[in-house]
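All remarks here apply to the structure that follows.
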Amino acid sequence: MKTRIQPQVSLRSIEMDDHREIDIREVSKRTGLPSSTLRYYEEKGLIKSISRRGITRVFPGSVVEQLSLISLARYAGFSLNEIASLFTYGSKPNIDREQLLDKADELDKNIRRLKAMRDGLRHVANCPEENQLECPNFQGLIKKAMKLQHKEDRKVKSTKPSRRN
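All letters in the sequence shown, in the order written, are residues 16 to 180 by my numbering.
As C-alpha coordinates, this is what we get:
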(Lines of atoms letter the chains of each structure in order from A and count residues from 1; the text may use other names and numbers.)
(Lines give C-alpha, C1' and ligand atoms only; values in the text may rest on other atoms or scores of the structure.)
Protein backbone atom coordinates (compact mmCIF):
# COMPACT_ATOMS: atom_id res chain seq x y z
CA MET A 1 0.00 0.00 0.00
CA LYS A 2 1.42 3.38 -0.98
CA THR A 3 1.28 6.21 1.52
CA ARG A 4 0.98 9.78 0.39
CA ILE A 5 2.91 12.36 2.38
CA GLN A 6 1.31 15.74 2.83
CA PRO A 7 3.18 19.00 3.58
CA GLN A 8 3.03 20.07 7.21
CA VAL A 9 1.29 23.40 6.74
CA SER A 10 -2.22 23.50 5.45
CA LEU A 11 -2.92 26.89 3.95
CA ARG A 12 -6.65 27.30 4.39
CA SER A 13 -6.74 30.87 3.20
CA ILE A 14 -3.65 32.55 1.87
CA GLU A 15 -3.94 36.28 1.63
CA MET A 16 -0.86 37.87 0.16
CA ASP A 17 -1.74 41.33 1.47
CA ASP A 18 1.57 42.75 2.73
CA HIS A 19 -0.12 45.75 4.32
CA ARG A 20 -2.50 43.89 6.63
CA GLU A 21 -1.28 43.10 10.13
CA ILE A 22 -2.23 39.82 11.77
CA ASP A 23 -1.47 38.61 15.26
CA ILE A 24 0.22 35.34 16.09
CA ARG A 25 -3.10 33.61 16.89
CA GLU A 26 -4.44 34.42 13.43
CA VAL A 27 -1.21 33.29 11.77
CA SER A 28 -1.45 30.03 13.70
CA LYS A 29 -5.08 29.61 12.70
CA ARG A 30 -4.39 30.25 9.00
CA THR A 31 -1.33 28.03 8.73
CA GLY A 32 -2.08 25.28 11.23
CA LEU A 33 1.28 25.89 12.90
CA PRO A 34 1.33 26.21 16.68
CA SER A 35 2.35 29.56 18.15
CA SER A 36 5.43 27.92 19.66
CA THR A 37 6.64 27.02 16.16
CA LEU A 38 6.06 30.58 14.97
CA ARG A 39 8.06 31.95 17.91
CA TYR A 40 10.84 29.44 17.17
CA TYR A 41 10.88 30.44 13.48
CA GLU A 42 11.14 34.06 14.54
CA GLU A 43 14.01 33.22 16.89
CA LYS A 44 15.78 31.45 13.96
CA GLY A 45 15.25 34.52 11.74
CA LEU A 46 12.87 32.78 9.32
CA ILE A 47 10.01 35.21 9.97
CA LYS A 48 9.85 38.59 11.64
CA SER A 49 7.14 40.22 13.72
CA ILE A 50 6.57 43.91 13.11
CA SER A 51 5.13 44.94 16.46
CA ARG A 52 3.30 43.79 19.56
CA ARG A 53 -0.14 44.35 20.98
CA GLY A 54 0.62 43.95 24.64
CA ILE A 55 2.47 40.65 24.78
CA THR A 56 1.03 39.37 21.47
CA ARG A 57 3.30 39.37 18.42
CA VAL A 58 1.97 41.01 15.27
CA PHE A 59 3.14 40.00 11.80
CA PRO A 60 2.69 41.44 8.33
CA GLY A 61 0.05 39.67 6.22
CA SER A 62 2.86 38.39 4.00
CA VAL A 63 4.06 36.08 6.79
CA VAL A 64 1.51 33.48 5.63
CA GLU A 65 3.20 33.39 2.22
CA GLN A 66 6.62 33.17 3.91
CA LEU A 67 5.43 30.25 6.02
CA SER A 68 4.09 28.46 2.97
CA LEU A 69 7.52 28.79 1.33
CA ILE A 70 9.18 27.54 4.52
CA SER A 71 6.80 24.58 4.57
CA LEU A 72 7.57 23.76 0.95
CA ALA A 73 11.32 23.96 1.61
CA ARG A 74 11.02 21.69 4.67
CA TYR A 75 8.95 19.24 2.64
CA ALA A 76 11.72 19.24 0.01
CA GLY A 77 14.24 18.30 2.69
CA PHE A 78 15.86 21.64 3.53
CA SER A 79 16.94 22.15 7.14
CA LEU A 80 15.84 25.32 8.94
CA ASN A 81 19.38 26.69 8.66
CA GLU A 82 19.37 26.02 4.91
CA ILE A 83 15.97 27.72 4.65
CA ALA A 84 17.28 30.76 6.50
CA SER A 85 20.00 31.16 3.88
CA LEU A 86 17.73 30.18 0.99
CA PHE A 87 15.37 33.14 1.19
CA THR A 88 16.08 36.83 1.37
CA TYR A 89 13.13 39.11 1.86
CA GLY A 90 12.52 42.52 0.45
CA SER A 91 9.08 43.38 -0.79
CA LYS A 92 8.92 39.81 -2.16
CA PRO A 93 11.00 36.75 -1.28
CA ASN A 94 14.11 36.14 -3.34
CA ILE A 95 14.98 32.45 -3.63
CA ASP A 96 18.57 31.28 -4.18
CA ARG A 97 18.19 29.22 -7.37
CA GLU A 98 21.66 27.69 -7.13
CA GLN A 99 20.81 26.31 -3.70
CA LEU A 100 17.61 24.83 -5.16
CA LEU A 101 19.61 23.08 -7.87
CA ASP A 102 22.08 21.74 -5.29
CA LYS A 103 19.19 20.32 -3.23
CA ALA A 104 17.67 18.76 -6.37
CA ASP A 105 21.02 17.06 -7.07
CA GLU A 106 21.15 15.82 -3.47
CA LEU A 107 17.60 14.45 -3.80
CA ASP A 108 18.55 12.66 -7.04
CA LYS A 109 21.48 11.02 -5.22
CA ASN A 110 19.21 9.95 -2.36
CA ILE A 111 16.61 8.59 -4.79
CA ARG A 112 19.26 6.46 -6.51
CA ARG A 113 20.50 5.20 -3.14
CA LEU A 114 16.99 4.41 -1.91
CA LYS A 115 16.08 2.61 -5.15
CA ALA A 116 19.20 0.46 -4.85
CA MET A 117 18.34 -0.34 -1.23
CA ARG A 118 14.75 -1.18 -2.20
CA ASP A 119 15.88 -3.45 -5.01
CA GLY A 120 18.39 -5.17 -2.73
CA LEU A 121 15.79 -5.78 -0.04
CA ARG A 122 13.36 -7.20 -2.58
CA HIS A 123 16.06 -9.48 -3.95
CA VAL A 124 16.95 -10.77 -0.47
CA ALA A 125 13.26 -11.29 0.39
CA ASN A 126 12.74 -13.31 -2.80
CA CYS A 127 16.22 -14.89 -3.02
CA PRO A 128 16.19 -18.48 -4.30
CA GLU A 129 19.15 -19.38 -2.04
CA GLU A 130 18.12 -21.26 1.10
CA ASN A 131 20.48 -19.07 3.13
CA GLN A 132 20.56 -15.48 1.83
CA LEU A 133 24.09 -15.04 3.19
CA GLU A 134 25.26 -17.51 0.54
CA CYS A 135 23.66 -15.53 -2.29
CA PRO A 136 26.32 -13.83 -4.47
CA ASN A 137 23.98 -10.89 -5.12
CA PHE A 138 23.42 -10.42 -1.39
CA GLN A 139 27.16 -10.63 -0.73
CA GLY A 140 27.70 -7.92 -3.34
CA LEU A 141 25.02 -5.79 -1.72
CA ILE A 142 26.67 -6.16 1.69
CA LYS A 143 30.10 -5.18 0.33
CA LYS A 144 28.67 -2.18 -1.51
CA ALA A 145 26.75 -1.05 1.57
CA MET A 146 29.84 -1.32 3.76
CA LYS A 147 31.94 0.62 1.25
CA LEU A 148 29.35 3.39 0.93
CA GLN A 149 28.81 3.58 4.71
CA HIS A 150 32.56 3.89 5.34
CA LYS A 151 32.76 6.61 2.70
CA GLU A 152 29.84 8.45 4.34
CA ASP A 153 31.41 8.08 7.80
CA ARG A 154 34.69 9.56 6.54
CA LYS A 155 32.82 12.46 4.98
CA VAL A 156 30.99 13.17 8.25
CA LYS A 157 34.24 12.97 10.24
CA SER A 158 35.97 15.41 7.89
CA THR A 159 33.20 18.01 8.33
CA LYS A 160 33.15 17.81 12.16
CA PRO A 161 35.41 20.26 14.01
CA SER A 162 38.31 18.69 15.88
CA ARG A 163 38.03 18.50 19.68
CA ARG A 164 41.80 18.62 20.24
CA ASN A 165 43.20 21.33 22.48
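Beta carbons: idealized from backbone N, C-alpha and C, even for Gly.
None of the values given here were measured: they were computed from a predicted structure.
Compute the distance between the beta-carbons of residue i and residue j, then report whether it is under 7 angstroms.
i           : j           : result
residue 64  : residue 73  : yes
residue 122 : residue 114 : no
In chain order, what residues of the same chain lie with their CB nearer than 6 angstroms to the CB of residue i, ignoring the 5 residues before and after it?
i          : result
residue 50 : 39 and 43
Look at the alpha carbon of residue i and the alpha carbon of residue j, and state the distance between them as a whole number of angstroms.
i           : j           : result
residue 77  : residue 134 : 45 angstroms
residue 62  : residue 79  : 10 angstroms
residue 111 : residue 96  : 14 angstroms
residue 138 : residue 153 : 8 angstroms
residue 170 : residue 92  : 20 angstroms
residue 155 : residue 130 : 16 angstroms
residue 37  : residue 88  : 23 angstroms
residue 158 : residue 148 : 12 angstroms
Could you give the residue range of the beta strand (DSSP E) that holds residue i?
i          : result
residue 68 : 66-68
residue 72 : 71-75
residue 38 : 36-38
Buried or exposed: which applies to residue i, given that a residue is buried once 16 or more other Cβ atoms fall within 10 Å of its Cβ?
i           : result
residue 86  : buried
residue 126 : exposed
residue 151 : exposed
residue 35  : exposed
Excluding the 5 residues preceding and the 5 following residue i in the sequence, name in chain order all residues of the same chain whose CB lies nearer than 7 angstroms to its CB.
i          : result
residue 66 : 73
Could you pull out every residue in the same chain whose Cβ sits closer than 8 angstroms to the Cβ of residue i, ignoring the five residues on either side in sequence?
i          : result
residue 68 : 38
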